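If you count the sequence shown from 1, you need to add 95 to reach our numbering.
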Amino acid sequence: MTKPMHLNVRVSGPLSEFVARNVGEDGLYENVSEYVRDLIRRDKERVEREMFETLKAELQRAFATPDEAYVEVTADEVIQRNRARRAKR
Numbered sequence: 096m097t098k099p100m101h102l103n104v105r106v107s108g109p110l111s112e113f114v115a116r117n118v119g120e121d122g123l124y125e126n127v128s129e130y131v132r133d134l135i136r137r138d139k140e141r142v143e144r145e146m147f148e149t150l151k152a153e154l155q156r157a158f159a160t161p162d163e164a165y166v167e168v169t170a171d172e173v174i175q176r177n178r179a180r181r182a183k184r
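Here it is as structure tokens:
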């Protein structure tokens with residue numbers, strides 16, 4: 096497990112007012128730290144969901160491709176192709 100990270104975030108104006116409405120007695124969160132942790136958690140879940148959907152779409156395209164569209168190659172051919180790609184970088 097990684098060690099805790101301490102953040103110092105400064106917000107003002109409408110952002111500060113928005114945070115204030117969401118924290119405390121009338122808000123959904125007891126304190127700003129709890130609010131920020133939840134925002135980070137939700138963003139992490141969103142990114143993971145997007146990555147999953149991208150992978151899912153790629154797999155669906157691959158499985159929908161007819162067998163005759165595939166070309167048989169050897170492991171050596173794949174290695175050579177990858178080396179050539181790396182050399183171009």
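Backbone N, C-alpha and C define an ideal beta-carbon position, used for all residues, glycine too. In this text, all values refer to a predicted model and were calculated from it rather than measured experimentally.
Beyond the five residues adjoining it in sequence on each side, N117 comes within less than 7 Å, by CB distance, of L123, Y124 and Y130 in the same chain, given in chain order. When secondary structure is reduced to three states using DSSP, V106 falls in the coil class, being assigned neither helix nor strand.
If you draw a straight line from the Cα of A115 to the Cα of R132, it is about 16 Å long. Assignment of V114 by DSSP, reduced to helix, strand and coil, places it in the helix class.
For Y130, no pairing in a beta bridge is given by DSSP.
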